[in-house]
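Asks: Below is a structure I'd like to ask you about.
Numbering (this note's numbering), first residue to last: 1 to 373.
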């Protein structure tokens with residue numbers, strides 16, 4: 001009996017071109033090693049593009065974007081829905097022609113994707129799989145289409161944690177397993193650059209955790225470093241796994257660089273808790289009078305010192321002297337009004353708080369520009 005031919009479901013996953021075969025993995029594997037410890041400091045960037053724009057008629061989706069991602073970085077690409085993230089990734093992969101832009105990807109001109117796509121793996125949108133074929137057969141089909149050696153299949157299945165389910169049909173997989181299979185397809189040939197568009201989209205908390213652990217380990221490869229560019233709307237996950245952050249809003253760059261620099265900039269975070277919950281309202285009024293922008297969170301207040309303290313020798317890991325002075329002043333004012341504080345805790349600002357501030361500032365700037373025109 002002849003087996004019915006199938007077409008894959010989904011949109012895009014796997015290799016980004018049809019390159020020649022790559023060296024096979026050794027008996028001990030090619031990717032064993034610790035989790036990424038940060039981007040490599042030397043050498044040209046993996047991605048170095050300037051003035052990247054995309055316009056559809058009068059609508060500008062990406063506007064004059066500059067990207068500079070170090071080799072070996074795990075780069076988080078974040079921004080609101082409609083900010084131009086997927087369009088940017090598609091331009092980097094040669095799937096969408098930029099309106100303007102120049103630069104290099106893996107040392108090859110942006111205008112010549114055929115030069116760098118053989119060393120690039122990608123997952124864009126939904127995984128494209130043959131549902132009635134096993135994971136192994138799906139990957140073997142891709143190696144035939146891409147001219148790669150099938151010996152890669154077992155190596156990538158093991159890397160993404162699907163070796164024990166390799167012979168099960170893809171239609172029996174959970175969404176998280178399908179996402180991991182799609183990443184396995186992108187890993188065929190051991191690419192130097194891996195681009196993942198919302199790989200945690202639709203996953204449950206356990207699936208997100210497994211994906212986070214997988215992405216964290218993808219940059220380490222037997223003495224070489226793979227660059228991973230991942231777009232996501234889960235800011236807590238980005239903060240845990242990424243050592244480079246790119247924030248875009250309305251198609252424009254809002255921030256680019258190490259997350260530590262973003263998190264240490266501006267006003268520090270503080271938590272204030274009175275002995276009695278009934279005093280939270282009065283404490284908020286006192287804090288506001290001393291320049292603390294606070295919000296109620298249960299029986300405590302959280303907020304940012306405003307204005308931010310000047311830099312001090314304490315560095316980004318310790319609070320500066322002006323912050324302690326402001327908190328001491330609040331403690332004295334609270335005591336004078338009969339309020340006992342049982343907790344005054346300066347803390348680390350989260351990526352979500354910084355991101356929200358960046359996007360709000362960009363929106364305010366856009367509104368002011370519109371009002372002036």
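By construction, the Cβ of each residue, glycine as well, lies at the ideal position given by its N, Cα and C atoms. All figures in this text were calculated on a predicted structure; none of them were measured in a lab.
1) In this structure, how does DSSP classify residue 45 when only helix, strand and coil are distinguished?
2) Measuring straight from C-alpha to C-alpha, what distance separates residue 101 and residue 159?
3) Please classify residue 353: does DSSP put it in a helix, a strand, or coil?
4) Starting from residue 249, trace the beta strand (DSSP E) in both directions and tell me its first and last residue.
5) Rounded to a whole number of angstroms, what is the C-alpha to C-alpha distance between residue 170 and residue 136?
6) What is the C-beta distance between residue 239 and residue 351, in whole angstroms, given that I count them as a contact (C-beta under 8 angstroms)?
7) So, are the CB atoms of residue 50 and residue 66 less than 8 angstroms apart?
8) Between which residues of its own chain and residue 263 is the CB-CB distance below 7 angstroms, once the five residues before and five after are set aside?
9) Within its chain, find whatever has a CB closer than 7 angstroms to the CB of residue 79; leave out the 5 residues flanking it on each side and keep chain order.
10) Using the DSSP secondary-structure output, state which residues sit across from residue 255 in a beta bridge.
11) Please state whether DSSP places residue 281 in a helix, a strand or coil.
12) From what residue to what residue does the beta strand (DSSP E) around residue 293 run?
13) If you follow the beta strand (DSSP E) that residue 103 is part of, which residue opens it and which one closes it?
14) Given that a residue counts as buried once 16 or more other Cβ atoms are within 10 Å of its Cβ, and exposed if not, what is residue 243?
15) Work out the CA separation of residue 71 and residue 36 for me, nearest whole Å.
16) If we ignore side chains and look at the alpha-carbon of each, how far apart do residue 161 and residue 177 end up?
17) What does the alpha-carbon distance come out to for the pair residue 346 and residue 303?
18) Whose C-beta lies closer than 7 angstroms to the C-beta of residue 218 among residues of the same chain, with five residues either side of it excluded?
19) Are the CB atoms of residue 328 and residue 301 within a distance shorter than 8 angstroms?
20) Is the beta carbon of residue 184 less than 8 angstroms from the beta carbon of residue 156?
21) Could you say which of 181, 198, 114 lies nearest to residue 232 if we only look at CA atoms?
22) What are the uninterrupted segments assigned as beta strand (DSSP E) that are 3 or more residues long and contained completely in the region 117–179, given in chain order?
Replies: In brief:
1) Here residue 45 corresponds to residue number 45 of the chain shown, with the count starting at 1. Taken through DSSP and simplified to helix, strand or coil, residue 45 comes out as coil.
2) Locating residue 101 in the chain shown gives position 101, where the first residue counts as 1. Locating residue 159 in the chain shown gives position 159, where the first residue counts as 1. Their Cα atoms are separated by approximately 35 angstroms.
3) Start at 1 with the first residue of the chain shown, and residue 353 comes out as number 353. Three-state result, residue 353: helix.
4) Position 249 of the chain shown, counted from the start, is the residue given in the question as residue 249. Start and end: 244–249.
5) As a first step, residue 170 must be located in the chain shown, where it is residue number 170. As a first step, residue 136 must be located in the chain shown, where it is residue number 136. When rounded, the distance between both Cα atoms is 9 angstroms.
6) The sequence position of residue 239 within the chain shown is 239, counting from 1. The sequence position of residue 351 within the chain shown is 351, counting from 1. Right, their Cβ atoms sit about 4 angstroms apart.
7) Counting from 1 along the chain shown, the entry for residue 50 is found at position 50. Counting from 1 along the chain shown, the entry for residue 66 is found at position 66. For the pair residue 50 and residue 66, the CB atoms are nearer than the 8 angstroms cut-off.
8) Counting from 1 along the chain shown, the entry for residue 263 is found at position 263. Excluding residues within five positions, the ones whose Cβ falls inside 7 angstroms are 348, 349, 351, 354.
9) One-based indexing of the chain shown puts residue 79 at position 79. So the qualifying residues of the chain are 85, 247, 248, 249.
10) Position 255 of the chain shown, counted from the start, is the residue given in the question as residue 255. BP columns for residue 255 point to 247.
11) Numbered from 1 along the chain shown, position 281 holds the residue referred to as residue 281. Three-state result, residue 281: helix.
12) Mapped onto the chain shown, residue 293 falls at position 293. In the DSSP assignment, residue 293 falls within the beta strand (DSSP E) that extends over 292–297.
13) Numbered from 1 along the chain shown, position 103 holds the residue referred to as residue 103. From DSSP, the beta strand (DSSP E) with residue 103 extends over 100–105.
14) The sequence position of residue 243 within the chain shown is 243, counting from 1. Under this definition residue 243 is a buried residue.
15) One-based indexing of the chain shown puts residue 36 at position 36. One-based indexing of the chain shown puts residue 71 at position 71. Note that residue 36 scores 42 on pLDDT, short of 50, meaning its location in the model is unreliable and no value can be drawn from it.
16) Taking the first residue of the chain shown as position 1, residue 161 is located at position 161. Taking the first residue of the chain shown as position 1, residue 177 is located at position 177. One Cα belongs to residue 161, the other to residue 177, and the distance between them is close to 9 angstroms.
17) Numbered from its first residue, the chain shown carries residue 346 at position 346. Numbered from its first residue, the chain shown carries residue 303 at position 303. Distance between the alpha carbons of residue 346 and residue 303 is about 10 angstroms.
18) Along the chain shown, read from residue 1 onward, the residue named residue 218 stands at position 218. Excluding sequence neighbours, residue 218 sits near 194, 226, 228.
19) Mapped onto the chain shown, residue 301 falls at position 301. Mapped onto the chain shown, residue 328 falls at position 328. Not closer than 8 angstroms, so no.
20) The residue given as residue 184 occupies position 184 in the chain shown. The residue given as residue 156 occupies position 156 in the chain shown. Yes, Cβ-Cβ distance for residue 184 and residue 156 is below 8 angstroms.
21) For the purposes of this step, residue 232 is taken as the residue at position 232 of the chain shown. Closest by alpha carbon: 198.
22) 120–124
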